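Asker: In UniProt numbering, the protein residues as written are 1 to 397.
This is the structure I have questions about; it appears just below.
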Ligand SMILES: *[C@@H]1O[C@H](CO)[C@@H](O)[C@H](O)[C@H]1NC(C)=O
Ligand SMILES: *[C@@H]1O[C@H](CO)[C@@H](O)[C@H](O)[C@H]1NC(C)=O
Ligand SMILES: *[C@@H]1O[C@H](CO)[C@@H](O)[C@H](O)[C@H]1NC(C)=O
Ligand SMILES: *[C@@H]1O[C@H](CO)[C@@H](O)[C@H](O)[C@H]1NC(C)=O
Ligand SMILES: *[C@@H]1O[C@H](CO)[C@@H](O)[C@H](O)[C@H]1NC(C)=O
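Next up, the structure:
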């Protein structure tokens with residue numbers, strides 16, 4: 001079970017970042033006064049921001065009397081936050097999907113799981129289709145997926161097809177682990193931490209785009225792993241960075257963090273696709289973690305970076321230095337292929353050591369609508385064809 005849980009942390013579970021999308025949980029619930037207490041606590045725990053930044057998500061809300069029952073336990077705000085994390089499923093479960101669960105029962109990962117504070121299966125919610133069309137919910141136990149199904153589906157509050165569902169359940173789930181006393185989370189100063197280990201330039205770039213800085217800061221307590229490229233690497237990359245649109249810059253920076261806490265030990269023992277804060281609902285902007293012995297590399301189709309050091313590795317936050325800026329394929333696939341065209345003028349440039357994408361270049365046509373960066377706009381069929389002709393061995397930086 002342990003292995004499965006860790007894998008779920010790495011492999012695409014959910015995710016993230018919708019700077020441009022208009023989902024606002026606070027506003028949705030504001031239209032329903034019977035959820036005002038739940039809504040209030042999403043705000044004071046800063047969970048609302050974390051929810052709004054995700055694209056594929058389900059919020060299990062309870063009405064004011066359900067909240068009153070929980071508030072009577074006098075949990076600290078930090079324990080209450082953990083409990084609320086358990087009520088945010090890291091996947092879309094609209095009413096229809098809830099009522100037609102494959103094999104009638106599923107165990108679903110929650111944001112509590114992403115914090116790294118949930119041992120065993122305690123970060124998972126068991127959803128089971130019961131007789132008479134009822135849908136039961138329960139927190140999975142530490143040892144197994146089995147749950148006391150003591151809360152039930154009531155109604156849909158809002159639903160954006162296959163992306164976001166807000167549903168009412170009869171009462172809050174109970175979880176001894178989530179409700180356990182928990183110390184106040186550390187107030188990390190990300191800039192300071194990164195600067196200490198030679199990532200000052202990267203930290204300054206993060207601070208230069210307020211939406212990015214906020215996304216990083218608000219994601220910390222829900223579990224966050226940051227890959228910060230060392231100053232030397234960022235400086236070398238700066239001309240390319242400056243060339244990006246604001247959206248491109250935003251995506252590139254968000255691409256350097258994953259909305260899960262991943263210890264170095266986890267990275268050293270798990271290979272797999274990882275979502276990032278830039279990952280959209282089409283699962284673009286992902287990368288692959290590879291390990292070989294003690295060496296962990298992060299790969300995209302256009303770059304390979306190596307983890308070179310640990311800044312901090314302490315649940316819920318991990319920061320690692322990397323030797324090269326990560327280049328999301330979505331931003332660089334076309335630029336790289338077209339780069340050689342006007343080459344003669346700058347003939348002294350060295351051949352790039354960056355891996356040439358293996359295999360046929362004609363990537364299956366992708367979800368271009370998701371992104372309006374320069375690269376994506378060029379990604380029409382004719383450019384892909386041109387890219388294929390240019391691809392083999394002539395990539396020059
Ligand atoms: C969400 O809506 C609330 C209430 O309308 C508002 O105060 C808040 O600023 C909004 N958040 C975002 C990120 O737009
Ligand atoms: C969910 O919990 C029920 C009740 O404890 C259990 O019978 C079922 O096997 C669990 N579902 C899964 C997928 O583990
Ligand atoms: C982090 O530390 C830097 C340098 O000491 C300081 O300028 C900045 O205001 C701090 N940020 C926060 C959020 O405390
Ligand atoms: C920046 O963009 C221009 C125009 O697209 C291009 O000619 C130039 O090579 C780019 N520079 C870098 C460093 O990518
Ligand atoms: C990763 O992103 C690529 C686009 O860059 C997409 O085609 C692929 O399906 C994604 N992988 C996963 C496992 O979601």
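Backbone N, C-alpha and C define an ideal beta-carbon position, used for all residues, glycine too.
Bear in mind that the values here come from a model prediction, so they are computed numbers and not experimental data.
1) For the beta strand (DSSP E) containing residue 287, list its first residue and its last residue.
2) Would you mind stating whether residue 89 and residue 125 have Cβ atoms separated by less than 8 Å?
3) To which residues does DSSP link residue 186 through a beta bridge?
4) Is the beta carbon of residue 245 closer than 8 Å to that of residue 212?
5) Does DSSP put residue 130 in a helix, a strand or coil?
6) Kindly indicate which residue of 325, 165, 36 and 29 has the alpha-carbon position closest to the one of residue 238.
7) Quick check: is any heavy atom of ligand 5 less than 7 Å from the C-beta of residue 283?
8) Who are the Cβ neighbours of residue 175 in its own chain at under 7 Å, not counting the five residues just before and after it?
9) Give me the DSSP bridge partner(s) of residue 227.
10) Assign residue 129 to buried or exposed, taking buried as 16 or more other Cβ atoms, counted over all protein chains shown, within 10 Å of its Cβ.
11) Below 8 Å on the Cβ atoms is my guess for residue 184 versus residue 78; work out the distance and round it to an integer in Å.
12) How do the segment 37–49 and the segment 61–80 stand: do at least 3 beta-carbon pairs fall below 8 Å, yes or no?
13) Sort 270, 272 and 229 by Cα distance to residue 253 and report the nearest one.
14) Would you report the Cα separation of residue 371 and residue 255, rounded to the nearest angstrom?
15) Within 10 angstroms of the Cβ of residue 143, are there 16 or more other Cβ atoms? Answer buried if so, exposed if not.
16) Under three-state DSSP, which class holds residue 248?
17) Please determine if the segment 271–291 and the segment 193–206 are in contact, where contact requires at least 3 C-beta pairs separated by less than 8 Å.
18) Can you tell me which of the three DSSP states residue 64 falls into?
Answerer: According to the structure data:
1) 287–292
2) yes
3) Its beta-bridge partners do not exist; DSSP assigns none.
4) no
5) coil
6) 325
7) yes
8) 83, 86, 122 and 139
9) 320
10) buried
11) 6 Å
12) yes
13) 229
14) At residue 371 the pLDDT is 31, less than 50, meaning the model places this residue with poor confidence and gives no usable figure here.
15) exposed
16) helix
17) no
18) helix
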